[in-house]
Amino acid sequence: MAKRSDFKNPLEAEEHGIAFIHQELNIWPNLSILENLFMMHPVTNSFGMLDYKEMRRIAEEKCREIEIELPLDAEAGECSVGQQQMTEIVRNLLVDAKVVIMDEPTAALTDRETDKLFEVMRTLKKRGVAMVYISHRMEEVFNNCDVITVMRDGVSVNTKPVAEYSMADIVKDMVGRSITEFYPERRNKPGEVIMEVKNFEQPDLFHDVSFKLRKGEILGVAGLMGSGRTEIMRAIFGVDKCKTGEVFLNGSR
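Going by this note's numbering, the sequence shown opens with residue 2, and the numbers climb by one from there.
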């Protein structure tokens, strides 16, 4: 029988089997994957020392359960975002999580890593783990969820089984009205160049980046986490240094 629970902090929620995987991963980049797995709940031997052999055995066992492989000895910061996210999932399984909440888990993943995440989710589902999957990517929601809850302005406005929801219904619930044109035609004629970035480069971060920005134009800079999009913007603004590159504003360097 269900009963109401009020948790005072995340640790208390974890003790009751509730795990949360943030969009911004909680990973210690200078530690190994194995050390990250047991950072919050280390395994010690009879002398009070870290028992790496036992931690490795447990980690390998959990990885086999959900059919994944992790480079346990690799430094976490050198691993892909997908591997770091799998590390978070395994870390939560170590505390026997019964409910896993995922916040935009595919935001920084490649297509291949995304497919692997969904495989793991299906495996967890078969093991009886319940999941809350937070996303604005409707295709992922329809393909992987059983029930959809739509939020608007901090309020739950509707909950239905996936089979009873259409894309149009979801959009209407999300914005509060029907949308007749998802991609309306826009007419805009950008003006002259007001800013130009030429040959920006910083080894291991970004290479030979150049672009022009015109009056009345919106320039989008896209890429996965770790692709260098943030670093190039910080360098252009002058927050970080770069090896080479020039910025021209209204024609002046």
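A virtual CB, placed ideally from N, CA and C, is assigned to each residue, including glycine.
Could you check the C-alpha separation between PHE48 and MET56 for me, to the nearest Å?
If I take the Cα positions, the gap works out to 15 Å.
Roughly how many angstroms lie between the CA atoms of PHE21 and LYS199, to the nearest whole one?
When rounded, the separation of the alpha-carbon atoms in PHE21 and LYS199 is 42 Å.
Is GLU68 near the ligand ZN, with its Cβ less than 8 Å from a heavy atom?
Among the ligands in the structure shown, none appear at all, so the ligand ZN cannot be discussed.
Residues bridged to THR160 [DSSP beta-bridge criterion]
THR150
Helix, strand or coil: how does DSSP classify TYR53 here?
It is helical.
Mind reading off the beta-carbon distance from LEU220 to PHE207? Whole number of angstroms is fine, and I expect it under 8 Å.
Contact flag wrong, Cβ pair sits at about 16 Å.
Is the number of C-beta pairs between the region 91 to 98 and the region 106 to 114 that are closer than 8 Å three or more?
Taking a cut-off of 8 Å for Cβ pairs, the region 91 to 98 and the region 106 to 114 do not touch, as fewer than three such pairs fall below it.
By the three-class DSSP mapping on this structure, what secondary structure does ARG58 have?
helix
With a Cβ-Cβ cutoff of 9 Å, do ILE1 and VAL248 count as a contact?
Here the chain covers residues 2 to 254 and nothing more, so residue 1 does not appear.
What is the rounded straight-line gap between the Cα of PHE143 and the Cα of GLY83?
Their Cα atoms are separated by approximately 22 Å.
Looking only at C-alpha atoms, which of HIS137, VAL158, LYS126 and ARG235 sits nearest to ASP147?
LYS126
Nearest to GLU89 (by Cα), restricted to the options HIS23, GLU114, ASP154 and GLU66
HIS23
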